[in-house]
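Beneath this line is the structure, given in structure tokens, with notes to follow.
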Amino acid sequence: MRIHISNVAKLPTKFGEFKIQSFQEGIKEHLVIFKEPIGDIPLIRIHSECLTGDSLGSLKCDCGEQLEYALVNIADSGGMVIYLRQEGRNIGLFNKVNAYALQDKGLDTIEANHQLGFQEDERNYEIVNYILDYFDIKKIHLLTNNPKKIESLSGIEIVKRWPIIMASNKFNEDYLKTKKELMGHMI
Ligand SMILES: Nc1nc2c(ncn2[C@@H]2O[C@H](COP(=O)(O)OP(=O)(O)OP(=O)(O)O)[C@@H](O)[C@H]2O)c(=O)[nH]1
Ligand SMILES: [Zn+2]
1 MRIHISNVAK LPTKFGEFKI QSFQEGIKEH LVIFKEPIGD IPLIRIHSEC LTGDSLGSLK
61 CDCGEQLEYA LVNIADSGGM VIYLRQEGRN IGLFNKVNAY ALQDKGLDTI EANHQLGFQE
121 DERNYEIVNY ILDYFDIKKI HLLTNNPKKI ESLSGIEIVK RWPIIMASNK FNEDYLKTKK
181 ELMGHMI
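Position 57 (the sequence shown) corresponds to 57 in the UniProt record's numbering; numbering is contiguous.
Take a look at the structure:
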């Protein structure tokens, strides 16, 4: 698929002064939020969109806190957040809300996805390889607990994985347990 690339703009934030650029892949408008100098082995966070966690303060997941942690650390060291428009592990917001409704009835995150006809995780990370290549990045430090993200990067050396583990609360305990025990996350 043809990727369209926006111009670079300044993005001052409460965490630091970043630059922002959009990579448009069909209807998905991904973002790269980067802090210069990026460095030879930059700190990278590949973040999947979670409107409820990133913007609404939801306690059902750890996404908002992870995003903030990433921005704080990248503001300090240089690097980038690659913000992928893969809401709800790429089932979309409408379906994620339906999955949440099933979870209210006792299903876990995986069972809820299956009941709606989706795999437990519908994401792919091809665009990340494209973006890292565009920035001529060959070696990275990666902020993640998710082994699938590590496996999905081709031609990129992950010099070090940085864990990104947030404190749990009573609303996301089960979600984090499912990620750890059934999805292989290194939590
Ligand atoms: N389908 C579905 N998606 C969810 C649910 N909770 C969070 N998400 C989505 O999951 C994505 C975040 O992925 P996670 O698997 O939690 O974590 P990760 O980013 O892959 O892993 P880390 O890099 O270790 O943080 C976001 O797109 C969220 O919207 C849920 O219950 N159901
Ligand atoms: Zn979330």
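Ideal placement from N, C-alpha and C gives every residue a C-beta, glycine not left out.
In this text the structure is predicted, and so the values were computed from the model without any measurement.
#### Entry: Residue of Lys35, Ile27 and Gly16 minimising C-alpha distance to valine 8
Comparing Cα-Cα distances from valine 8 to each of Lys35, Ile27 and Gly16, the minimum goes to Lys35.
### Query
Who are the near neighbours of glutamate 29 in its chain, counting only those whose CB is closer than 7 angstroms to its CB and skipping five residues on each side?
Ser22 and Arg85
### Message
Please classify glycine 79 as buried or exposed, where buried requires at least 16 other C-beta atoms within 10 Å of its C-beta.
### Response
Buried, since its Cβ has 16 or more Cβ neighbours within 10 Å.
### Message
Tell me the rounded alpha-carbon separation between glycine 155 and asparagine 146.
### Response
18 angstroms
### Task
Can you grab the Cα-Cα spacing for the pair lysine 10 / leucine 153, in whole Å?
28 angstroms
#### Entry: Coil, strand or helix - serine 22 by DSSP
strand
### Task
Indicate the three-state DSSP secondary structure (helix, strand or coil) for glycine 53 in the structure shown.
helix
### Message
Using a Cβ-Cβ cutoff of less than 6 angstroms, which residues in the same chain neighbour leucine 43 once the five nearest sequence positions on both sides are dropped?
### Response
Annotation for leucine 43: Ile74, Ser77, Gly79 and His141 place their beta carbon closer than 6 angstroms to its own, counting only its chain and skipping 5 residues before and after.
### Message
Per the DSSP calculation, proline 163 is bridged to which residue(s)?
### Response
Answer is none; proline 163 lacks a bridge partner.
### Query
Helix, strand or coil for leucine 142 per DSSP?
strand
### Query
Is asparagine 90 near ligand 1, going by C-beta to nearest heavy atom under 8 angstroms?
yes
### Message
By the three-class DSSP mapping on this structure, what secondary structure does arginine 89 have?
### Response
helix
### Task
Say whether the region 120-140 touches the region 65-73, bearing in mind that this needs 3 or more beta-carbon pairs closer than 8 angstroms, one atom from each stretch.
no
### Query
Can you give the beta carbon distance from cysteine 157 to lysine 139, rounded, assuming they're within the 8 angstroms contact cut?
Checking the sequence shown, residue 157 turns out to be glutamate, not cysteine. Yes, glutamate 157 and lysine 139 are in contact; Cβ-Cβ is about 5 angstroms, under 8 angstroms.
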